[in-house]
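>
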């Protein structure tokens, strides 16, 4: 009888833990960024992004994701504006990489495909304080170009280092 009580308690704890995972899911901080035309200010796209503002989060990036939804991505926040290099480390899918200056201007766009089996990923470089990773060809499909702007909420413009 005592074993059944322990088993019932164990099952209850597992159920509570499972519910917490479903309720809180991915603990990553999220925000929305908006891409606007650099010439006329027309909204081009709005994307829900995970925020990566620490070294560890920037290092891992999307490598622990299986895919991105249609209007999902990741916002990388660097300590300072500079030339940054990104690779497709352990990635399961191709992406667009959008480098963004501190003032919100798109400086570089890369359409990063998966490297051939057994080959290392090339390094994709660009200048900026931010990098937004998006589904592959997203920038082409939404008319996002170098010179356009990205509106990033103020609370996500700083980094943890």
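In my numbering, the protein residues as written are 13 to 173.
Using N, Cα and C, we set each Cβ at its ideal position, and we do this for glycine too.
None of these values were measured; they are calculated from a predicted model.
1. Between the C-alpha atoms of residue 163 and residue 95, what's the straight-line distance to the nearest angstrom?
2. Whose C-beta lies closer than 6 angstroms to the C-beta of residue 146 among residues of the same chain, with five residues either side of it excluded?
3. Identify, in the order they occur along the chain, each residue of the same chain with its Cβ nearer than 6 angstroms to the Cβ of residue 50, setting aside the five sequence neighbours on each side.
4. If contacts are defined as beta-carbon pairs under 8 angstroms, then residue 111 and residue 150 qualify, I think. What distance do you get, rounded to the angstrom?
5. Once you ignore the five residues that flank residue 141 on each side, which residues in its own chain have a CB closer than 6 angstroms to its CB?
6. Who are the Cβ neighbours of residue 106 in its own chain at under 7 angstroms, not counting the five residues just before and after it?
7. With distance defined between alpha-carbon atoms, name the residue in 129, 88 and 119 nearest to residue 64.
8. If you run the structure through DSSP and keep just helix, strand and coil, what is residue 253?
9. Verify whether the separation of the beta carbon atoms of residue 144 and residue 61 is less than 8 angstroms.
Quick look at the numbers:
1. Stepping through the chain shown from its first residue, residue 163 is reached at position 151. Stepping through the chain shown from its first residue, residue 95 is reached at position 83. Near 20 angstroms, if we compare the C-alpha coordinates of residue 95 and residue 163.
2. Taking the chain shown and counting its residues from 1, the one referred to as residue 146 is at position 134. If we look at residue 146 and ignore the five residues flanking it on each side, its Cβ neighbours are 85 and 108.
3. Numbered from its first residue, the chain shown carries residue 50 at position 38. The residues are 159, 160 and 161.
4. Along the chain shown, read from residue 1 onward, the residue named residue 111 stands at position 99. Along the chain shown, read from residue 1 onward, the residue named residue 150 stands at position 138. At roughly 15 angstroms, the Cβ-Cβ gap does not stay under 8 angstroms, so residue 111 and residue 150 are not in contact.
5. Taking the chain shown and counting its residues from 1, one reaches residue 141 at position 129. The answer, listed in chain order, is 90, 93 and 114.
6. The residue you call residue 106 lines up with position 94 of the chain shown. Correct list, in chain order: 124, 125, 126 and 148.
7. If you number the chain shown from 1, residue 64 lands on position 52. Residue 64 has its Cα closest to that of 88, out of 129, 88 and 119.
8. Residue 253 cannot be examined here, being either before or after the span of the chain that is shown, 13 to 173.
9. Position 132 of the chain shown, counted from the start, is the residue given in the question as residue 144. Position 49 of the chain shown, counted from the start, is the residue given in the question as residue 61. Yes, the Cβ-Cβ distance between residue 144 and residue 61 is below 8 angstroms.
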